[in-house]
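What follows is one structure encoded as structure tokens, with my remarks underneath.
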Amino acid sequence: MFLLPFQGNPVLAAVYLVLGVAVAALASLYLTTRRPRLNFPIVGDPDATDCRDALVEGAILYPDQPWVLPLQDPMVILPHSAVSEIKSLPEKQMSLNKELYVRFLGRYTLLGQDDDEMVSVIKHDLYRSLSDVFDNVLVDEAIYGVAASVGACKDWTPLAPFNVTARIITMLNGRTFVGLPLSRNEDWIHSTIAFTTEGDIVAQSLRPYPSLIRPVVAPFLPAVRSLKKHQALVSKKTQPLIEAHFARSASEKKDPNQSGRLLSWLLGKYKNGTSPNRIAKDYLLSSAASIPIPASLLTHILFELGKRPEYVEPLRLELRAAVEKNGGKFSYNCLGSLDKMDSFIKETQRLNSHGLIMMTRRTTAKFTMSDGTVIPKDVSVGVSNYGLNMSPTIHENPEEFRGFRFSDLRQSKPGVGARTQFVSTGLDNLNWGYGNHACPGRHFAAAEIKLTLAYLLSNYDLKLGDDGRPDNMIFGLLVVPNPFAKLLFKRRAPIAGLEL
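Counting with my numbering, you get residues 11 to 510 for the letters of the sequence shown.
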């Protein structure tokens with residue numbers, strides 16, 4: 011039964027209840043009759059909270075054909091061979107945005123709404139300027155962010171690494187987008203992080219209700235009201251920046267030391283003008299991916315280093331050598347020398363990938379695969395990323411953590427470097443997506459992760475508590491580190507050139 015969260019007159023509440031039940035029944039009948047019929051085998055338990063077993067079973071039973079994962083909104087799992095077929099399909103055939111909008115209720119969470127201007131800025135302007143942004147903006151913010159988020163830690167101090175990394179990544183993003191002092195404003199940081207976590211709560215809260223009555227229910231849900239509050243705060247705080255942008259001269263806008271350049275680039279992309287609400291929407295949409303995924307991966311990295319302390323000193327030696335080679339200063343030029351760090355990050359991502367399924371799309375027209383298989387319109391599809399990451403034909407002993415797996419491979423097999431970098435994408439590596447919708451900000455995210463890790467390794471020792479490495483938390487198709495688990499930090503003498 012679907013209960014409206016209505017408070018007030020009990021008679022009126024009863025009327026709403028009766029109407030709600032009637033609408034729910036009609037809506038359920040409507041949705042049942044309009045849902046596309048899927049003539050594919052079903053694998054997995056609809057009530058499972060961890061889909062890994064289903065992905066393994068499906069790959070064994072149906073390696074070369076589609077099968078259905080029975081989620082609340084069922085998903086057709088395509089064989090790996092389909093990646094090359096769908097990677098470049100236009101939105102009029104398969105749409106990532108529509109999949110996000112439907113699955114995560116984008117009407118209320120913003121996910122899946124149009125953000126073409128922001129994607130263009132990240133993919134082109136930010137990528138072209140990454141070296142300048144790194145040296146003139148990110149390094150300074152990382153020094154502040156690490157010191158402020160971890161603290162003095164004169165003795166072993168327990169901290170939740172996800173809280174630490176989420177704050178640092180939010181400050182790095184904010185410094186690039188809006189600049190100082192707003193990037194360090196606590197209300198801004200809180201609302202940005204909260205938006206990225208509460209969106210899923212909104213979707214979970216509304217999903218049990220049929221789509222026809224969600225607009226009636228939504229205004230009464232605390233999670234929806236909270237999300238709107240965060241949007242309003244971001245909108246309010248960006249308005250003065252928008253006004254200041256249009257008041258600046260052209261020469262001021264070209265200042266290479268200007269933080270907040272991403273906002274300036276974005277304002278130049280809108281063809282028909284914009285508003286603080288639109289800027290807030292685009293910023294928060296980008297934050298939904300650019301904060302939790304890098305912060306989660308950094309948290310996994312710290313947990314793995316706590317579990318495997320033998321990797322810490324080789325990584326520090328590599329950092330020290332890179333800084334010395336660069337004249338005693340840590341800059342973007344150093345990143346190319348961090349081969350072992352790149353490998354350790356990539357191996358951590360492989361075994362703790364945020365998404366068990368990648369290449370997620372929703373068909374916007376009937377799609378016929380090369381073997382003649384027909385996928386109906388309005389069907390969710392994806393490819394098992396977990397299967398690729400754990401494939402023995404791609405990775406030797408895939409269940410074993412080898413921190414320097416990829417740096418060793420690059421040393422032993424010249425010519426594979428481009429395919430084995432942390433930011434690489436390919437048919438056998440979907441962790442960043444592939445094709446038209448490969449993550450446009452992956453180079454920026456990789457730079458943030460390496461920068462943050464460099465300052466953490468330089469300035470702090472770390473170790474696990476008595477309970478060991480915390481288990482990951484798995485919610486259907488998502489893998490996240492335990493956000494409440496603690497790691498012990500202690501200040502150490504820093505590497506020269508990487509002091510806080």
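The C-beta atom is built at its ideal place from N, Cα and C for all residues, glycine as well.
{"Asked": "Nearest residue (CA-CA) to Y137, options L510, D124 and C449", "Found": "C449"}
{"Asked": "Extent of the continuous alpha helix (DSSP H) to which D352 belongs", "Found": "D349 to L361"}
{"Asked": "8 Å contact criterion, which T373 and M104 should meet: CB distance rounded", "Found": "6 Å"}
{"Asked": "Continuous beta strand (DSSP E) stretch holding L497: start and end", "Found": "L497 to R501"}
{"Asked": "With 16 other Cβ atoms within 10 Å as the buried cut-off, status of Q82", "Found": "exposed"}
{"Asked": "Collapsed DSSP secondary structure at G392 in the structure displayed", "Found": "strand"}
{"Asked": "Whole-number beta carbon distance between V391 and L192, since they are thought to touch under 8 Å", "Found": "So it is not a contact: roughly 40 Å between Cβ atoms."}
{"Asked": "Secondary structure of E509, DSSP reduced to three states", "Found": "coil"}
{"Asked": "Three-state class that DSSP yields for G365 in the structure shown", "Found": "strand"}
{"Asked": "CA nearest to the CA of V86, picked from V393, G316 and A152", "Found": "V393"}
{"Asked": "Assigned secondary structure, Y465 (DSSP; H/G/I helix, E/B strand, else coil)", "Found": "helix"}
{"Asked": "Contacts around A503, its chain only, beta-carbon distance under 6 Å, and the 5 residues preceding and following it disregarded", "Found": "none"}
{"Asked": "Assigned exposure category for R113 - 16 Cβ within 10 Å defines buried", "Found": "buried"}
{"Asked": "Opening and closing residue of the beta strand (DSSP E) in which P408 lies", "Found": "Neither: P408 is in no beta strand (DSSP E) and is coded neither H nor E."}
{"Asked": "S105, DSSP secondary structure in three states", "Found": "strand"}
{"Asked": "Residue environment, A456, which counts as buried when at least 16 other CB atoms sit within 10 Å", "Found": "buried"}
{"Asked": "Three-state class that DSSP yields for Y470 in the structure shown", "Found": "strand"}
{"Asked": "Closest by C-alpha distance to W442, when choosing among A170, H364 and R271", "Found": "H364"}
{"Asked": "Proximity to G283 [Cα-Cα], best of L487, P302, A506 and I252", "Found": "I252"}
{"Asked": "L41 burial status per 10 Å Cβ neighbour count (16 or more: buried)", "Found": "Low local confidence applies: a pLDDT of 44 at L41 is under 50, so the model's placement there is unreliable, with the coordinate-based value given in what follows. So L41 counts as exposed."}
{"Asked": "For L361 and L508, believed in contact at Cβ under 8 Å, the rounded distance", "Found": "The Cβ separation is near 27 Å, so there is no contact."}
{"Asked": "Inter-residue Cα distance where the pair is P15 and D210", "Found": "Reliability fails at P15, whose pLDDT of 43 lies under 50, so the model's placement of it is uncertain and the value that follows must be treated cautiously. Going from the Cα of P15 to the Cα of D210 covers about 19 Å."}
{"Asked": "Beta carbon of V212 nearer than 8 Å to that of V188", "Found": "no"}
{"Asked": "Alpha helix (DSSP H) runs wholly inside the segment 202 to 232, at least 4 long, in chain order", "Found": "224 to 227"}
{"Asked": "Segment limits, beta strand (DSSP E) that includes F187", "Found": "Unbroken run through F187 is the alpha helix (DSSP H), P171 to F187; no beta strand (DSSP E)."}
{"Asked": "Classification of N179 by the beta-carbon crowding that lies within 10 angstroms, buried from 16 upward", "Found": "According to the sequence shown, residue 179 is Ile rather than Asn. Looking at its Cβ environment, which holds 16 or more other Cβ atoms inside 10 Å, I179 is buried."}
{"Asked": "D63 and K500 closer than 8 Å at C-beta", "Found": "no"}
{"Asked": "Cβ pair count under 8 Å reaching 3, the segment 285 to 301 against the segment 124 to 134", "Found": "yes"}
{"Asked": "Which listed residue (R326, L315 and S347) has its alpha carbon closest to that of F411", "Found": "L315"}
{"Asked": "Reduced DSSP category for D292 - H, G, I as helix; E, B as strand; rest coil", "Found": "helix"}
{"Asked": "At least three beta-carbon pairs within less than 8 Å, the segment 326 to 345 to the segment 490 to 497", "Found": "no"}
{"Asked": "Cβ separation of G413 and R479, assumed to be a contact under 8 Å, to the nearest whole Å", "Found": "In fact, because the Cβ distance is near 14 Å, the residues do not count as touching under 8 Å."}
{"Asked": "Environment of G346 [buried if 16+ CB atoms lie within 10 Å]", "Found": "exposed"}
{"Asked": "Beta-carbon proximity of C163 to L487, cut-off 8 Å", "Found": "no"}
{"Asked": "Which listed residue (K460, P171, V147 and R217) has its alpha carbon closest to that of G184", "Found": "V147"}
{"Asked": "Straight-line gap, V156 to L48 (C-alpha atoms, nearest Å)", "Found": "50 Å"}
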